[in-house]
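In what follows, a single structure is set out as structure tokens and then discussed.
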Amino acid sequence: MPQGHTDLGADDGIRTRDPHLGKVMLYQLSHVRAHLGCDQNCSRSCRSRKLRTRVSPGSGFTLIQVETWLGYRRNMTVAAQHDSIPYDTDIAQAAALMADPTRAAMLRALMSDRPLAAGELARLAGVSAATASFHLAKLLEGNMIAVARQGRHRYYRLAGHEVAAALEAVGLISPALPVRSLRQSREAVALAEARTCYDHLAGKAGVGLLDALLKSKSLIRTDDGDSASTRFAVTGAGASTLASFGINVLEVRRSRRRFAGQCIDWTQRRGHLNGALAAAITARLLELGWIARGARRRSVVITAAGAQGLADTFGQCWPQGDDPPGTPR
Numbered sequence: 003m004p005q006g007h008t009d010l011g012a013d014d015g016i017r018t019r020d021p022h023l024g025k026v027m028l029y030q031l032s033h034v035r036a037h038l039g040c041d042q043n044c045s046r047s048c049r050s051r052k053l054r055t056r057v058s059p060g061s062g063f064t065l066i067q068v069e070t071w072l073g074y075r076r077n078m079t080v081a082a083q084h085d086s087i088p089y090d091t092d093i094a095q096a097a098a099l100m101a102d103p104t105r106a107a108m109l110r111a112l113m114s115d116r117p118l119a120a121g122e123l124a125r126l127a128g129v130s131a132a133t134a135s136f137h138l139a140k141l142l143e144g145n146m147i148a149v150a151r152q153g154r155h156r157y158y159r160l161a162g163h164e165v166a167a168a169l170e171a172v173g174l175i176s177p178a179l180p181v182r183s184l185r186q187s188r189e190a191v192a193l194a195e196a197r198t199c200y201d202h203l204a205g206k207a208g209v210g211l212l213d214a215l216l217k218s219k220s221l222i223r224t225d226d227g228d229s230a231s232t233r234f235a236v237t238g239a240g241a242s243t244l245a246s247f248g249i250n251v252l253e254v255r256r257s258r259r260r261f262a263g264q265c266i267d268w269t270q271r272r273g274h275l276n277g278a279l280a281a282a283i284t285a286r287l288l289e290l291g292w293i294a295r296g297a298r299r300r301s302v303v304i305t306a307a308g309a310q311g312l313a314d315t316f317g318q319c320w321p322q323g324d325d326p327p328g329t330p331r
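What follows is the structure, given as structure tokens:
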């Protein structure tokens, strides 16, 4: 056999003479198939074709070059495994759903954690009913919102607190919408003062509440950071304070949701409490009448009883002499 020549033998092997070693080398065709990702039984016509070789200068090895026209697949496809570990998250899909101005307006409206009908969402987004239905279908398909039927009506809400957290985080890196009317100006002030971030208190009121809980040692940080990854733990004194307020800390801990962390508030650029504990505190504030839903989107108002109750229970939640955030003026 001439030096550097390769052909297929009768035993389905590849014979090649190495000019440096002076030996005839046998390469099993099955090994070549596996290396190339060929996942089918090649026909005789495929096996009868020549394989070219070349000598790697100075290496002493013969390199086998397989032509692409042999029928072997160049790209190997790996079958999906149901129990495999995810490679990464596809943020493009979720980002594309949020990126449309109409859908973004609908998602912002649902940040109050109050279910809204399609007609209300269409009005808030400034689109027709047909257009609203199209965008709501997209959000449902993307698992961004959920829908509940009540008689002939359908009411929409965010699919969960994870969606709200993502929207709040995106708000931190987004430019502010321009204020073009007196109504928008008043709404902006109300949202900055006191609002709900899905199911927990935000704005100046939320930031002040977290400050008061930390100052009174009801909560302590479990790390030294000051970011959205910060976690908090309830102290013994804090558990007693929360119990007198009507919250069972052990019961709240049973939630699958993160217990106590923080969102970086997009209006205050500081942290407010989030997680299962924040949701329980906010629900209790509403139950006691210490906060009430405001007239404007997502805003809440701290009542006179709430201002006194918050100060007595958790300590001063806003600077001395200032009106509580959300107090009507």
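Here the sequence shown stands for residues 3 to 331, numbered as in the working numbering.
Note that beta-carbon positions come from the ideal geometry of N, C-alpha and C, so glycine has one too.
No experiment lies behind these values; they were computed from the predicted model shown.
Residue i versus residue j: straight-line alpha-carbon distance, rounded
| i | j | result |
| --- | --- | --- |
| residue 274 | residue 225 | 16 Å |
| residue 156 | residue 117 | 9 Å |
| residue 243 | residue 271 | 28 Å |
| residue 299 | residue 113 | 9 Å |
| residue 139 | residue 238 | 47 Å |
| residue 188 | residue 302 | 13 Å |
| residue 256 | residue 152 | 30 Å |
| residue 307 | residue 315 | 12 Å |
| residue 232 | residue 132 | 43 Å |
| residue 208 | residue 196 | 7 Å |
The alpha helix (DSSP H) enclosing residue i, as first and last residue numbers
| i | result |
| --- | --- |
| residue 237 | No alpha helix (DSSP H) holds residue 237; DSSP gives it neither H nor E. |
| residue 207 | 205-217 |
| residue 152 | Element bounds for residue 152: not the alpha helix (DSSP H) but the beta strand (DSSP E), 147-152. |
| residue 141 | 131-143 |
| residue 294 | Where residue 294 is concerned, there is no enclosing alpha helix (DSSP H), although the beta strand (DSSP E) it sits in stretches over 293-295. |
| residue 251 | 251-255 |
| residue 113 | From DSSP, residue 113 is part of no alpha helix (DSSP H); its letter is neither H nor E. |
| residue 258 | That residue, residue 258, is in no alpha helix (DSSP H); it is neither H nor E in DSSP. |
Coil, strand or helix - residue i by DSSP
| i | result |
| --- | --- |
| residue 302 | strand |
| residue 264 | strand |
| residue 198 | strand |
| residue 273 | strand |
| residue 283 | helix |
Start-to-end residues for the beta strand (DSSP E) that takes in residue i
| i | result |
| --- | --- |
| residue 175 | Careful: residue 175 lies outside any beta strand (DSSP E) and carries neither H nor E. |
| residue 87 | Unbroken run through residue 87: none, as it is neither H nor E. |
| residue 223 | 221-223 |
| residue 159 | 155-160 |
With 16 other Cβ atoms within 10 Å as the buried cut-off, status of residue i
| i | result |
| --- | --- |
| residue 327 | buried |
| residue 143 | exposed |
| residue 289 | exposed |
| residue 310 | exposed |
| residue 250 | exposed |
The ligand NAP heavy atom lying under 7 Å from the CB of residue i
| i | result |
| --- | --- |
| residue 306 | No copy of the ligand NAP occurs in the structure displayed, which carries no ligand at all. |
Minimum C-alpha distance to residue i - residue among the options
| i | options | result |
| --- | --- | --- |
| residue 191 | 214, 283, 206 | 206 |
| residue 103 | 129, 87, 93, 94 | 129 |
| residue 211 | 304, 133, 254, 99 | 304 |
| residue 281 | 181, 166, 214, 219 | 166 |
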